[in-house]
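Only one structure is covered here, and it is reproduced in the block below.
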Amino acid sequence: MNALSQPLWSENLACRRGGRKIFDGLAFRVEPGEALIVTGPNGVGKSSLLRLLAGLVRPAEGAIHWGEADIADDPVEHRSRTAYLGHLDAIKPRASVQDHLTLATILAGTDAAKVPEIAARIGLGRMLERPGRLLSAGQRRRVALGRLLLAEARLWLLDEPTNALDAEGQALLIDLLKQHLAAGGLIVASTHQPLALPARQLALAGAVSPHAAE
Numbered sequence: 001m002n003a004l005s006q007p008l009w010s011e012n013l014a015c016r017r018g019g020r021k022i023f024d025g026l027a028f029r030v031e032p033g034e035a036l037i038v039t040g041p042n043g044v045g046k047s048s049l050l051r052l053l054a055g056l057v058r059p060a061e062g063a064i065h066w067g068e069a070d071i072a073d074d075p076v077e078h079r080s081r082t083a084y085l086g087h088l089d090a091i092k093p094r095a096s097v098q099d100h101l102t103l104a105t106i107l108a109g110t111d112a113a114k115v116p117e118i119a120a121r122i123g124l125g126r127m128l129e130r131p132g133r134l135l136s137a138g139q140r141r142r143v144a145l146g147r148l149l150l151a152e153a154r155l156w157l158l159d160e161p162t163n164a165l166d167a168e169g170q171a172l173l174i175d176l177l178k179q180h181l182a183a184g185g186l187i188v189a190s191t192h193q194p195l196a197l198p199a200r201q202l203a204l205a206g207a208v209s210p211h212a213a214e
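Mapped onto the UniProt record's numbering, the consecutive letters of the sequence shown carry residue numbers 1 to 214.
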């Protein structure tokens, strides 16, 4: 069976940072077409979990599986099907919107000809030549959403995705998330704000074993 048609899941997952246990006993399961919303106060490991799922760090205990395969067995393949949206937008002040989006296609190996279409889709179609230093915080976040789309990844990992987005931007975000799920994609999002999206919930409580995803 194709791994991309199978769930992303883990049991008894633990994370340590600087010798300190952040969480342990974590269990979750996300099917294709589903979202998992990760909640909890600051410092309980929401961003750390996303980094584990991205393959950027290894778990202290347990493993993360896509279907039957451990994602650590083929990190290059896992990165090719994963897009990570951090809470920082990584916008260069002198690079234009088009520069940022084109670079995203180069890094992902996708079609740069789609840049104008994606720019229009995120509401920046008339700003392709605008440099990063002249973008508002909300526009910078829209560029980050454009990079997410251009990666054409199956799994979206989102750290506080509503950051800096006004009501219109948040509506755009929800629309993009729903479209991704409808296409069979998977989403894991860490957020302090509710997302108007049908999703499983995972509440982290720190070093005490958190609740399994419902």
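All C-beta atoms in this analysis are idealised placements derived from N, C-alpha and C, irrespective of residue type, glycine included.
Between which two residues does the beta strand (DSSP E) carrying residue i extend?
i           : result
residue 158 : 155-159
residue 25  : 20-30
residue 192 : No beta strand (DSSP E) holds residue 192; DSSP gives it neither H nor E.
residue 134 : Here residue 134 belongs to no beta strand (DSSP E), and DSSP marks it neither H nor E.
residue 67  : Per DSSP, residue 67 belongs to no beta strand (DSSP E) and is neither H nor E.
residue 202 : 200-203
Looking only at its chain, what residues have a beta carbon closer than 7 Å to the beta carbon of residue i, apart from the 5 residues adjacent to it on each side?
i           : result
residue 111 : 105
Which residues does DSSP list as the beta-bridge partners of residue i?
i           : result
residue 187 : 35 and 156
residue 83  : 156
Put residue i into one of helix, strand or coil per three-state DSSP.
i           : result
residue 122 : coil
residue 8   : strand
residue 94  : coil
residue 51  : helix
residue 140 : helix
residue 56  : coil
residue 218 : Residue coverage of the chain in this structure runs from 1 to 214, which leaves residue 218 outside it and unanswerable.
residue 14  : strand
residue 164 : coil
residue 101 : helix
residue 41  : coil
residue 130 : coil
residue 88  : coil
Only counting the same chain, and skipping five residues up and downstream in sequence, which positions put a Cβ closer than 6 Å to that of residue i?
i          : result
residue 65 : 9
residue 78 : 55 and 71
residue 45 : 15, 22, 23 and 204
With residue i as the anchor, note down where its alpha helix (DSSP H) starts and where it stops.
i           : result
residue 258 : Nothing can be reported for residue 258: it is not among the residues displayed for the chain, which extend from 1 to 214.
residue 175 : 167-182
Can you list, in chain order, the residues of its chain with a C-beta nearer than 8 Å to that of residue i? Leave out the 5 residues immediately preceding and following it.
i           : result
residue 192 : 39 and 160
residue 96  : 128, 129, 130, 131 and 132
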